[in-house]
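Student: Residues in the sequence shown are numbered consecutively from 445, following my numbering.
Built from N, CA and C at the ideal position, the CB exists for glycine as well.
Pasting a structure here, questions to come.
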Amino acid sequence: MEHVTGRFAPSPSGPLHLGNLACALMAYLSARSQGGRFLLRIEDLDRQRCPRTWSEMALRDLEALGLEWDAPPIWQSERDEIYRGYLDILQKKGAVYPCFCTRAEIMQASLAPNRGDTQRVYPGTCRYLPEEVRAEKMRTQRYAWRLRVPDREIGFTDRVQGEYVENLSRDCGDFVVRRSDGLFAYQLAVVVDDALSGVTEVVRGCDILSATPRQIYLAQLLGFPSPTYAHIPLLTDANGRRLAKRDHDVGFAVLRERMGIPRLRGLLGYAMGIWPRDAEASMQELIDAFSWEHVHRDDVRLPC
Ligand code: GLU
Numbered sequence: 445m446e447h448v449t450g451r452f453a454p455s456p457s458g459p460l461h462l463g464n465l466a467c468a469l470m471a472y473l474s475a476r477s478q479g480g481r482f483l484l485r486i487e488d489l490d491r492q493r494c495p496r497t498w499s500e501m502a503l504r505d506l507e508a509l510g511l512e513w514d515a516p517p518i519w520q521s522e523r524d525e526i527y528r529g530y531l532d533i534l535q536k537k538g539a540v541y542p543c544f545c546t547r548a549e550i551m552q553a554s555l556a557p558n559r560g561d562t563q564r565v566y567p568g569t570c571r572y573l574p575e576e577v578r579a580e581k582m583r584t585q586r587y588a589w590r591l592r593v594p595d596r597e598i599g600f601t602d603r604v605q606g607e608y609v610e611n612l613s614r615d616c617g618d619f620v621v622r623r624s625d626g627l628f629a630y631q632l633a634v635v636v637d638d639a640l641s642g643v644t645e646v647v648r649g650c651d652i653l654s655a656t657p658r659q660i661y662l663a664q665l666l667g668f669p670s671p672t673y674a675h676i677p678l679l680t681d682a683n684g685r686r687l688a689k690r691d692h693d694v695g696f697a698v699l700r701e702r703m704g705i706p707r708l709r710g711l712l713g714y715a716m717g718i719w720p721r722d723a724e725a726s727m728q729e730l731i732d733a734f735s736w737e738h739v740h741r742d743d744v745r746l747p748c
C-alpha cells in the first residue's frame with residue numbers, strides 16, 4: 445500500500461477558529477487512521493498578515509488539541525528561494541507571462557464572475573501583448589506572473605464533495621503565481637510544498653475546493669503527482685454565518701476554558717459527522733471511529 449502522508453497548512457492571520465481546528469483534526473485523523481505520517485506547514489507567505497505570534501500560537505493550540513507532527517513544521521516565509529526555482533522552470537517553459545493589470549482594470553475588463561462570487565475570470569489582457577510592448581512595460585512597471593491555462597476540463601473526485609470539474613480557461617482564467625508585490629502566490633507555494641514534502645492527501649475546508657483544478661494543473665506542469673483531496677464542510681455559527689478568525693467567542697482559548705480539550709475534540713468530531721454525540725473523545729477513540737463515509741458534505745451549524 446502507498447504510504448500516506450497528510451498535512452495541515454493554516455495561514456495564521458489571527459487565532460485559529462473552530463473551523464480551522466476541525467480541519468486540522470480531520471487531516472490528522474485521516475492520516476493516522478491509515479497508519480500514515482502527518483505534517484504541519486505554516487502558510488505565512490504574507491508575513492504582514494501572518495505575524496510569527498499567531499503562527500506560534502497556532503502550533504501551541506494544535507499541540508494542546510492532541511496533534512503530533514512527524515517533522516518540524518515548514519514555514520513558507522522561509523522558502524522564497526525554492527518558489528523562485530519553480531517559477532524559473534515555468535518561465536523557461538513559457539508557461540507564465542508578466543501581467544501589468546491593476547486590480548481595478550481587471551474588475552472592469554473581466555468576464556462573468558466564476559462560481560465563487562469574489563473571483564473574476566482574468567480576461568487575458570496581458571497574454572498577447574506584442575513583445576516590444578511587454579519588454580518596455582517590464583522596464584517601467586510592476587508586474588505579476590500569470591500562468592497560462594488551457595481551454596480544457598480538469599476534474600477530480602473529492603472524497604467528500606464527489607466529482608468536481610472546471611474548465612480553467614472559462615471558469616478561472618490565467619492565474620497569478622507571483623504577485624506584483626513580489627510575494628509568491630498561494631497556488632504555487634501549496635503545490636510545490638505538498639510535492640516536496642511527499643504529501644499524498646490533502647484535507648482542507650470546502651472554501652478551497654475551486655482552487656483544486658488550478659493546483660492539479662500546476663502540479664502536472666511541474667511533473668508532480670497529485671495528492672488525493674477531501675474538502676470538508678465549513679462550520680457556521682447559530683445564524684448560519686461561516687466562522688472567521690475574528691470570532692473570538694469560538695476561538696480555541698475560550699472554548700478550551702469553557703469545555704476542556706476532550707469535550708472540544710468530541711464536539712469537532714461530532715460536527716464533522718464521525719463521532720456519534722457531542723461528548724468527550726480521546727484522540728485514539730476518534731482515530732478508531734474515523735471514516736470518510738460519515739463525514740458531512742454541507743456546512744455544519746455549530747451546536748454551541
Ligand atoms: N492556508 C490555507 C488556509 O488556511 C489552506 C491551504 C491548504 O490547505 O491547501 O486557508
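What residues in its chain sit with their C-beta under 6 angstroms from that of R707, if we drop five residues either side in the sequence?
Tutor: Excluding residues within five positions, the ones whose Cβ falls inside 6 angstroms are E724.
Student: For Y572, does the count of other Cβ atoms within 10 angstroms reach 16, so buried, or fall short, so exposed?
Tutor: Under this definition Y572 is an exposed residue.
Student: Locate the alpha helix (DSSP H) running through T546, then write down its first and last residues.
Tutor: Taken as a continuous stretch (DSSP letters only), T546 belongs to no alpha helix (DSSP H), as it is neither H nor E.
Student: If you reduce the DSSP assignment to three classes, tell me which class R658 lands in.
Tutor: Residue state, collapsed to three classes: helix.
Student: In whole angstroms, give me the CA-to-CA distance for G684 and D742.
Tutor: Each residue's Cα considered, the two are about 12 angstroms apart.
Student: DSSP state of E645, grouped into three classes?
Tutor: Looking at E645 - three-state DSSP - the assignment turns out to be strand.
Student: By the 10 Å Cβ neighbour count, where 16 or more other Cβ atoms means buried, how is I598 classified, buried or exposed?
Tutor: Buried: at least 16 other Cβ atoms inside 10 Å.
Student: Could you check if G450 is buried or exposed, using at least 16 other CB atoms within 10 Å of its CB as the buried criterion?
Tutor: G450 is buried by the Cβ-count criterion.
Student: Quick check: the stretch 644-652 against the stretch 529-548, are at least 3 beta-carbon pairs closer than 8 angstroms?
Tutor: These segments do not touch.
Student: So, helix, strand or coil for F452, using DSSP?
Tutor: In this structure, F452 counts as strand in the three-state DSSP scheme.
Student: Compute the Euclidean distance between the alpha carbons of T569 and A588, then round it to the nearest angstrom.
Tutor: Rounded to whole angstroms, T569 to A588 spans 13 angstroms at the Cα level.
Student: Looking only at its chain, what residues have a beta carbon closer than 7 angstroms to the beta carbon of Y661, apart from the 5 residues adjacent to it on each side?
Tutor: Here the set comprises V593, I598, L612.
Student: Would a C-beta distance cut-off of 8 angstroms place L627 and L489 closer than the cut-off?
Tutor: Taking 8 angstroms as the Cβ cut-off, L627 and L489 qualify as a contacting pair.
Student: If we require 4 or more residues per run, which alpha helix (DSSP H) segments fall completely within the stretch 559-604?
Tutor: Runs of the alpha helix (DSSP H) inside the stretch 559-604: 575-584.
Student: Quick one: what's got a C-beta closer than 6 angstroms to S474's C-beta in the same chain, skipping five residues either side?
Tutor: These residues qualify, in order along the chain: G450, V647.
Student: Excluding sequence positions up to five away, which residues of its chain have a Cβ less than 6 angstroms from the Cβ of Y472?
Tutor: Closer than 6 angstroms at Cβ, skipping near neighbours: F482, L511.
Student: Return the Cβ separation of A715 and L678 in integer angstroms, given the expectation that the two are a contact with Cβ distance under 8 angstroms.
Tutor: Their Cβ separation, rounded to whole angstroms, is 10 angstroms, which puts A715 and L678 out of contact at 8 angstroms.
Student: Check whether the Cβ of P594 sits closer than 7 angstroms to any heavy atom of the ligand GLU, and report yes or no.
Tutor: Result no, Cβ not under 7 angstroms from the ligand GLU.
Student: Measure from the alpha carbon of H447 to the alpha carbon of each residue in A508, S457, L469, R476, then state which is nearest.
Tutor: It is R476.
Student: Output the distance between the C-alpha atoms of T546 and Q585, rounded to the nearest integer angstrom.
Tutor: When rounded, the distance between both Cα atoms is 11 angstroms.
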